[in-house]
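Before any comments, here is the structure.
Residue numbers (the working numbering), protein chains in the order written: chain X, 1 to 629; chain C, 630 to 728; chain U, 729 to 1235.
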């Protein structure tokens, strides 16, 4: 099936972005409206395509659109082609839907910013790039979107780049992402060298013929790409700093959509990972490490956005874990991705709403008791909270429990280890999210009298409310009759082998709930019952201190990569000057030196010249004589 | 008479001229020594012409004479000019181009 | 084919323009500028017109002309282009008007009048067209060396800082390489005489039977000349000095076009004349290319001056180009050729903006800038865009070429490609660090009064931006011209693309 409308999904926001950027200050008055309209337009097209898709039979649902031949050299043929299938439509609707809501939210949130037009231009650019990422029909097209969202993310993190730390955060994000991108380009190169094609369809078709070694290499490289974009261990360090961007950005890019691109990549490449068990295991392990890593950092953060960012990292860890569990887990990874898109975006918007009312204060130790002043924010945030810690029947319960269950049932020690990690993560999640809610909304007020907390305008709370509905209902809808799993089945191919269950779903749910209750209870005891000091106490254990320093991720990167790199650069600069250019200058010196040495023979005395001529003549005659002898 | 003897005279004259050029300071004397060398060469040319029985050497000798004449004209002019400006005919004094 | 002598016309036009400028009064700089700009525009139009006449699928040389020049030595005035040369000639004629317009006031700090500046630029344009069009090795050599003269005067006469020293270094270094090449050319001439008639014709020379050992020596003569020109590590040290001293416009022509003669020569002469020697030296050259990529990138990170930084990024990029050429795959070589074109524009953008920044601020030290995004938004945007192009952001033209080079290299030399891929991370660093320092952060004292781009500058940079964007999404027009020639070159060298490993396993 082909469709002629796919390109407009990308073209609309791209056009919006270009218009807003080129129009300059003239567009300040209506720029935000245009941006929102473009995003909304893309959402409408997405809905239209979705409805068309529903009307077709399962095999006929995927549609493609070939625009033109992009790169064609020898056997390297890449079309500018788009593909919309059951997997990408989920993303299209999430990106455009949540994206539009966040556009609306930003109209109010950014209303006092002089550069609001530019902000909307970047947002539109992001939407376009992200849509290209999920619609591209080959790895190379995906790569364009992949770096495109990286660029948009860079621009938006550094939106207030007049502050040097924010500019550094933006640069850090870009560079970390580039390390991941290196993995993606290597994966594409290996795929082309082994399979002779880089399109999804082609790779899927040929993958069975390739050696496991090659597929493992491709898989590992794709995983590297995913760790960069999705802030997974060991490339996770940029996400916390990325909170420098305006809060709507954090909600859209660094919670709901862009950071989940890694999960999309792995799920999209299921045919590679399913044929390369080692790579798949690596995916699961990385996911498990990150979900604990992020959760632990989350417990120690006082900055509300950074706590949420750590939570995002952890939740994406769940998704990656799910995707690393193979055919049994893909659908749940995507489900968790979608539900997370709702509740995390909602909570970020909630955090933005709190900051909006609190003069951009982000330190939760200076909040407290805000539920009275911001009832709507509290309600929506609370629903998101219930969803993320996995209380039934909220969304997170369905998606997260499924991942834990699949992990346990993965078999052997692997299953038990991964399952336990996921369970433990759930408990820690409950703890730190409860902490966030208590510090922000419960307890006594700890803010200055200068602050006048107030509820945000309707343009801000409406998106939050809509997302909260998603946090409540989406899990239920997706699991009802296994709807999402069946929907995605043609893309991710379910495993026909049904492995023995280690734990029954009910057991997992009960276990998880108990642990969640433990986490919540601990947080309540620790934070609700006690006075919260305005400044974080310093006489804490070494573990707390390490957790506050983001588990030393930055210290490690600085010591190992930054310092070495800087030293290497300095050494090379010196080498270039002294040795390589030194050799060149040495030759020049040599010529100069020999010239001035020979100059001394030019005494200026005619008679000595005559002498030299005579000696030369005699020498010449002698030489001729010797030669002819 | 053996023609080789003329060549010996020529070589002797040339050597005297060469030594003169190298050891004497006075420009005029140096100049005369150069003339001596030229004439030694002329003698050798004529002798060879005689030995080989053709006129090539004699023709060359005429050329040499013409060149020598030109050289005298230019050379003497230079020497006189130098003498006028520097009040000296010593060749060692004319080493200003060194620097 | 039409009867127009396209290449000769194209080559003579700038020379006529130079002659015209020479007769203008010395005091009227504006007239000289206008005349020069008009000439370059006409040449650009003529170049595009010629390109439309080019037959894409014909691998023979096109627009061929041949006239006896020095019959005693069998030297002809022989010109003609294949796909690769056409692309590079297009690059030259397109960049020239942009350079003239962008550097409208560049000649003001010079030893001589503006008139001299534009005469030199126009002469240089003739040489650039000639060097890519020549099909007689001797003619090529003449252009190759003669090209140095106008550049020498452009750097030494109109540059800044240690302009004389830089100009001399550039001239001597290039001459040294050129002389090595001359020795090889003479040897080729002698060998051709032994094998049925002295000639300098490239096509005839490529049919010679030369022993492997001789090929190795002759190859080195050519290659070192081109490696200096390109410039390849470790022959690169003249470039940062020259780029630092030259005016921005001169730098654009120097890095954008002149250095391409090196990589162009590698394909046209090293590969087609000495296939056996190419096989011998390929591993060494690949290693040098990879070193260039990484080394240039690290050095770029370590620079404190915009112009030197851009020069070192170019060394890194030339590493990519050389790697692509010697990977001996269609993707690698087509990518490398496209890279030459794209690099011309992306460097032009970088250098022109850096030049504008420098002339406004009176310094090219990165540390002297800060917060430009607030003060001069348009200029900051263009600089950002040029930087993105330099780090090969997908969607911009340089991505297509860089990725083709990497993919083409990977199929034959995976390790080289993997190491080369590290270059893309380093590229992010060497672009983003100066961007952060100069564009972001609080407005640096001394930057408040800087003016944004004026209309002339916007007009000059707009085509560059447009070309970078359009070719990023639709590189087909150039690739279609390049591909047949590259396939032809690889056939001469007896190379076919490595088959995908699954196909190999299947056999």
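Glycine included, each C-beta is placed from N, C-alpha and C at the ideal position.
These numbers were taken from a predicted model, which means no experiment stands behind them.
Asked: Unbroken alpha helix (DSSP H) run spanning residue 994/U, endpoints; Found: Note, residue 994/U: premise wrong, no alpha helix (DSSP H); not H, not E.
Asked: Cβ pair count under 8 Å reaching 3, the segment 939–946 of chain U against the segment 1003–1016 of chain U; Found: yes
Asked: Neighbourhood of residue 876/U by C-beta distance below 6 Å, restricted to the same chain and skipping five residues each side; Found: 899, 902
Asked: Residue of 307/X, 324/X, 206/X, 557/X minimising C-alpha distance to residue 351/X; Found: 307/X
Asked: Chain C within 8 Å of residue 604/X, Cβ atoms only; Found: yes
Asked: Given 8 Å, three or more beta-carbon pairs between the segment 511–519 of chain X and the segment 351–363 of chain X; Found: no
Asked: Chain B contacts from the segment 605–622 of chain X (Cβ-Cβ distance under 8 Å); Found: The structure shown contains no chain B; its protein chains are X, C and U.
Asked: Strand pairing of residue 81/X, partner residues [DSSP]; Found: 66/X
Asked: Cβ pair residue 1091/U, residue 1203/U closer than 8 Å; Found: no
Asked: Touching by the beta-carbon criterion (3+ pairs, under 8 Å), the segment 1108–1123 of chain U and the segment 1010–1019 of chain U; Found: no
Asked: For residue 319/X and residue 333/X, believed in contact at Cβ under 8 Å, the rounded distance; Found: 5 Å
Asked: Sheet register partners of residue 805/U (DSSP bridge); Found: 795/U
Asked: Buried versus exposed, by CB contacts within 10 Å (16 or more), residue 747/U; Found: exposed
Asked: Cβ-Cβ distance between residue 1136/U and residue 1041/U below 8 Å; Found: no
Asked: The segment 81–94 of chain X touching the segment 211–224 of chain X, judged by at least three CB pairs closer than 8 Å; Found: no
Asked: Alpha helix (DSSP H) segment containing residue 171/X, residue limits; Found: 164–195
Asked: Residues of the segment 1179–1194 of chain U with Cβ closer than 8 Å to any Cβ of chain X, in chain order; Found: none
Asked: Cα-Cα separation, residue 108/X to residue 359/X; Found: 15 Å
Asked: For residue 1267/U, the nearest candidate out of 289/X, 15/X, 169/X, 21/X (CA to CA); Found: Residue 1267/U is absent from the model: chain U starts at 729 and stops at 1235.
Asked: Environment of residue 1021/U [buried if 16+ CB atoms lie within 10 Å]; Found: buried
Asked: Interface positions of the segment 679–690 of chain C facing chain X (Cβ-Cβ less than 8 Å), listed along the chain; Found: none
Asked: Cα-Cα separation, residue 5/X to residue 14/X; Found: 15 Å
Asked: Residue range of the unbroken alpha helix (DSSP H) whose run includes residue 414/X; Found: 412–441
Asked: Contact set between residue 570/X and chain U, taken where Cβ atoms lie within less than 9 Å; Found: 1030
Asked: Beta bridge counterpart(s) of residue 2/X as assigned by DSSP; Found: 64/X
Asked: Any chain X beta carbon closer than 8 Å to residue 1170/U; Found: yes
Asked: Residue range of the unbroken alpha helix (DSSP H) whose run includes residue 53/X; Found: 31–54
Asked: Beta carbon proximity, residue 640/C to chain X, threshold 8 Å; Found: no
Asked: Which residues DSSP lists as bridging residue 643/C, in chain order; Found: Residue 643/C pairs with nothing; no bridge assigned.
Asked: Run of the alpha helix (DSSP H) containing residue 1050/U, from where it starts to where it stops; Found: 1034–1054
Asked: Residue span of the alpha helix (DSSP H) that contains residue 1210/U, given as start and end; Found: 1204–1220
Asked: Three CB pairs or more closer than 8 Å across the segment 98–118 of chain X and the segment 16–36 of chain X; Found: yes
Asked: Nearest-angstrom Cβ-Cβ length linking residue 252/X and residue 99/X, presumed shorter than 8 Å; Found: 6 Å
Asked: Buried versus exposed call for residue 964/U [16 or more other C-beta atoms within 10 Å across all chains shown]; Found: buried
Asked: C-beta neighbour in chain X for residue 720/C, strict 8 Å; Found: yes
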